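K.L.:
Just so you know, the protein sequences line up as chains A and B, in that order.
When the first sequence is numbered by my numbering, its final residue is 122 and no position is left out of the sequence of numbers.
When the second sequence is numbered by my numbering, its final residue is 267 and no position is left out of the sequence of numbers.
For every residue, glycine included, the Cβ atom is placed at its ideal position computed from N, Cα and C.
Nothing here was measured: the structure is a model prediction, and the numbers come from that model.
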Amino acid sequence: MAALVGGKVRGSLENMDYEITKAFASDLMSDVLREDMDDTVLITGLCNIQTIRTADMAELRIAILSRGKVADDEMVEMAEDNGLTIIESPFTTFRISGLLYDAGLQPFY
Amino acid sequence: MHYTFKIEQGNFTDAGQASSSVKRTMKQLGVRPENIKRTVVALFEAEINAVAHAYGGQIDVDIDGEKIVMVVADKGPGIPNIDLAMQEGYSTASPQVREMGYGAGMGLPNIKKNTDDLKIDTTVGVGTTVTMTVYLNN
Ligand SMILES: Nc1ncnc2c1ncn2[C@@H]1O[C@H](COP(=O)(O)OP(=O)(O)OP(=O)(O)O)[C@@H](O)[C@H]1O
Ligand SMILES: [Mg+2]
Numbered sequence: 014m015a016a017l018v019g020g021k022v023r024g025s026l027e028n029m030d031y032e033i034t035k036a037f038a039s040d041l042m043s044d045v046l047r048e049d050m051d052d053t054v055l056i057t058g059l060c061n062i063q064t065i066r067t068a069d070m071a072e073l074r075i076a077i078l079s080r081g082k083v084a085d086d087e088m089v090e091m092a093e094d095n096g097l098t099i100i101e102s103p104f105t106t107f108r109i110s111g112l113l114y115d116a117g118l119q120p121f122y
Numbered sequence: 130m131h132y133t134f135k136i137e138q139g140n141f142t143d144a145g146q147a148s149s150s151v152k153r154t155m156k157q158l159g160v161r162p163e164n165i166k167r168t169v170v171a172l173f174e175a176e177i178n179a180v181a182h183a184y185g186g187q188i189d190v191d192i193d194g195e196k197i198v199m200v201v202a203d204k205g206p207g208i209p210n211i212d213l214a215m216q217e218g219y220s221t222a223s224p225q226v227r228e229m230g231y232g233a234g235m236g237l238p239n240i241k242k243n244t245d246d247l248k249i250d251t252t253v254g255v256g257t258t259v260t261m262t263v264y265l266n267n
């Protein structure tokens, strides 16, 4: 998945075999918490510690940061502790979404 | 068991720490994952609201084998119209709060959805107390 979105992997490396069937894109964290994020990858332009905390609450395993956003040390450390894999992609949220859609990931609705 | 946490106004570095801590405790106690998720999503939303919309406050959590009761009490502006605030998409979040990823107007609806009992006591100009209960053995 990281290669598909031209991304760099950070945080936890333990999700390489985690099977993803859906993707959800949002910069608003309560939108993320509204959905059941099992088997889902989050695509977001929000890059701060709250991205990681929300991922923890939502039991997310993989989050893609779009538009070249870089996770800071505190984010990476917390992601490691929480078992979250971060993929930093240089592409826009729209492009990442298109690539993942093409690859067969499903939307919620 | 009883736990207390302090909440600081506008501190988005620590916001969510209480919820993370409660999540760890519930895991250790062997609570079912779907009940942990419901509980911490509701608590997290209430915690964020106290940081984002109020002037800080306190969280009290009581957990026993049957249920978890969470009280998030803040000093703050209060909520003038609860029915409006409960509506999906209604938000008065400031630009700074939106920058942190909040302001979808989904927090209170998420709390409602994930709790078995929800009580909001609010007085304009004084503060808001959100009391949430989740039953753990259903
Ligand atoms: N503790 C509080 N003190 C004062 N006002 C509050 C409090 N909690 C909620 N509100 C008011 O209710 C509105 C709706 O809250 P809700 O949590 O549903 O959405 P939000 O916080 O604006 O955005 P989101 O939670 O989706 O990030 C808020 O915008 C705010 O006006
Ligand atoms: Mg909110």
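State the DSSP-derived secondary structure class of Q225(B), mapped to helix, strand or coil.
P.N.:
Stepping through the second sequence from its first residue, residue 225(B) is reached at position 96. In the structure shown, Q225(B) sits in a helix (DSSP, three-state: H, G or I).
K.L.:
If you draw a straight line from the C-alpha of I249(B) to the C-alpha of Q146(B), how long is it?
P.N.:
Mapped onto the second sequence, residue 249(B) falls at position 120. Mapped onto the second sequence, residue 146(B) falls at position 17. The straight-line gap from Cα to Cα measures roughly 22 angstroms.
K.L.:
For F173(B), collect the residues of the same chain with a Cβ closer than 7 angstroms to its Cβ; drop the 5 residues on either side in sequence, then sort them by chain order.
P.N.:
Within the second sequence, residue 173(B) is the residue found at index 44, counting from 1. So the qualifying residues of the chain are G145, S148.
K.L.:
How close, in whole Å, do the beta carbons of I177(B) and G256(B) come, if the pair is a contact with beta carbons under 8 angstroms?
P.N.:
Sequence index remark: in the second sequence, residue 177(B) carries index 48 (1-based). Sequence index remark: in the second sequence, residue 256(B) carries index 127 (1-based). That pair is no contact at about 16 angstroms.
K.L.:
Tell me F134(B)'s beta-bridge partners as DSSP assigns them.
P.N.:
If you number the second sequence from 1, residue 134(B) lands on position 5. DSSP output for F134(B) lists I188(B) as bridge partner(s).
K.L.:
Could you round the C-beta distance between F104(A) and G24(A) to whole angstroms and report it? I think they count as a contact, below 8 angstroms.
P.N.:
On the first sequence, position 91 is the one that residue 104(A) refers to. On the first sequence, position 11 is the one that residue 24(A) refers to. About 19 angstroms separates the two Cβ atoms, so there is no contact after all.
K.L.:
Taking 8 angstroms as the threshold (beta carbon to beta carbon), is Y231(B) in contact with chain A?
P.N.:
One-based indexing of the second sequence puts residue 231(B) at position 102. Yes, because at least one Cβ of chain A sits closer than 8 angstroms to the Cβ of Y231(B).
K.L.:
Who are the Cβ neighbours of E137(B) in its own chain at under 6 angstroms, not counting the five residues just before and after it?
P.N.:
Taking the first residue of the second sequence as position 1, residue 137(B) is located at position 8. Within the same chain, E137(B) has close Cβ partners G185.
K.L.:
Using a C-beta to C-beta distance shorter than 8 angstroms, which residues of chain A count as neighbours of E174(B)?
P.N.:
The residue you call residue 174(B) lines up with position 45 of the second sequence. Correct list: S43, L46.
K.L.:
Does the Cβ of M88(A) lie closer than 7 angstroms to at least one heavy atom of ligand 1?
P.N.:
Counted from its first residue, the first sequence places residue 88(A) at position 75. No.
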